Amino acid sequence: SGSELLSKIALLRLIRPHVRALQLDGTPDDALPEALNAVLEGPDGPRRALAEFIAAQHGRLVGYLIASILLSPCGLTDPMVAWERAFLAQWREGAQEIVLGGGRANGRLGERIRDAAQEALTRCGLDRVVFLAEHPSYLPSIGAARSLPPSDRAAAVVFDFGGSWAKRGVATYDRSGALCRLRVLPPRDTGHLTQAGKTAELGAEMVAIIVDTIRSVEPSMDLAPTILCSVGAYVEDGEPVRMDRGPYTWLHRLSPDIRAWFNARIEAAVGRVVEIEFVHDCDVAACALAGRPKAAVLMMGSALGVGFVPCAEGYRALAEGFALE
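Mapping the sequence shown onto my numbering, position 265 (from 1) lands on 366, and the numbers just tick up by one.
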């Protein structure tokens, strides 16, 4: 499947046979993509040429996956079900631009993946254009900050709980409600908790991360009660779907009302009313670009996912001079 060809694990499979030639012996698997990026940004020579070759392999797969979606004469289901018809229509009619985000879209690695994907699409006779996102690792956080409902509050906390890390930030807004700043706090390692059998520990750690982040906000800041949490899971009505599809869907095992479960524990710790809402990581990543016409965001993190960019209406504007710090 496309997700198997283009997950972080798939990139590791391309790198591992060449760790000695790349002089990356002893590098932990989880650090290999970042180490490959360092080689790509280093001096010319055989190591860099090999790294360019590996990154281009990965990028061509990105391009050919997109091409297969756009050019296939049939779908995965027969007769085609409604969700797949809608998905293919979004790709084929609404995604004239493809924006790459996620950890693998950073630095020279992202540039090489973009160039190779563009080359593959062109070779297939497709006129789609591939771009790299600004702040590719923080698209879900920016999208969450832009998605918060209008209010007169000056600040909000946002979270992006993925397969390996929990990213967190404090968003601040100007008087018009536009997002002017996102202060990024040090991420927390949650990869050891996103395994089967660790659901209770994962839930407790998520609460602790949210509580610590709220406590880090200056008391003088007027903090919005709504807490948007991006999660690596499909979401419906503000909570992860009730199915067996990974660690964040398993949170329902903690309570039949998982949002109330989180709200009660956070409120007890910080002494204020909160309203947690979960959002699908790729959908909310696309909201970071709300208003960009006919674009899809392909998120390349631990896994692979897509979100379609919505119109600007209903989303907070990005203030001129927006800064991610």
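For every residue, glycine included, the Cβ atom is placed at its ideal position computed from N, Cα and C.
In this text, all values refer to a predicted model and were calculated from it rather than measured experimentally.
(request) Classify residue 142 as buried or exposed, calling it buried when 16 or more other Cβ atoms lie within 10 Å of its own Cβ. (result) exposed
(message) Just verifying my parser: in three-state terms, what is the DSSP assignment at residue 247?
(response) Reduced to three states, the DSSP call for residue 247 is helix.
(message) According to DSSP, simplified to helix, strand and coil, what is residue 239?
(response) In the structure shown, residue 239 sits in a helix (DSSP, three-state: H, G or I).
(message) When you compare the segment 405-417 with the segment 244-257, are there three or more beta-carbon pairs, one atom per stretch, that lie closer than 8 Å?
(response) Taking 8 Å as the limit for Cβ pairs, the verdict is that the segment 244-257 does touch the segment 405-417.
(request) Report the rounded CA-to-CA distance for residue 122 versus residue 267, giving the unit in angstroms. (result) 33 Å
(message) If contacts are defined as beta-carbon pairs under 8 Å, then residue 409 and residue 397 qualify, I think. What distance do you get, rounded to the angstrom?
(response) 5 Å
(request) Alpha carbon to alpha carbon, how far is residue 352 from residue 276? Give it in angstroms, no decimals. (result) 37 Å
(request) Would you list the residues sitting across from residue 289 in a DSSP beta bridge? (result) 267
(message) I'd like to know whether the C-beta atoms of residue 360 and residue 308 end up nearer to each other than 8 Å.
(response) In this structure, residue 360 sits away from residue 308, with a CB-CB distance that is not shorter than 8 Å.
(request) Could you check how far apart the C-beta atoms of residue 207 and residue 238 are, in whole angstroms? I think they sit under 8 Å. (result) 6 Å
(message) Is the beta carbon of residue 291 closer than 8 Å to that of residue 306?
(response) yes
(request) Report all residues from its chain with a CB closer than 6 Å to the CB of residue 170; omit the five preceding and five following residues, and keep chain order. (result) 192
(message) I'd like the list of long-range same chain contacts for residue 269, defined as Cβ closer than 6 Å, with 5 residues on each side in sequence excluded.
(response) 260, 286, 314
(message) Can you look up residue 375 in the DSSP assignment and give me helix, strand or coil?
(response) coil
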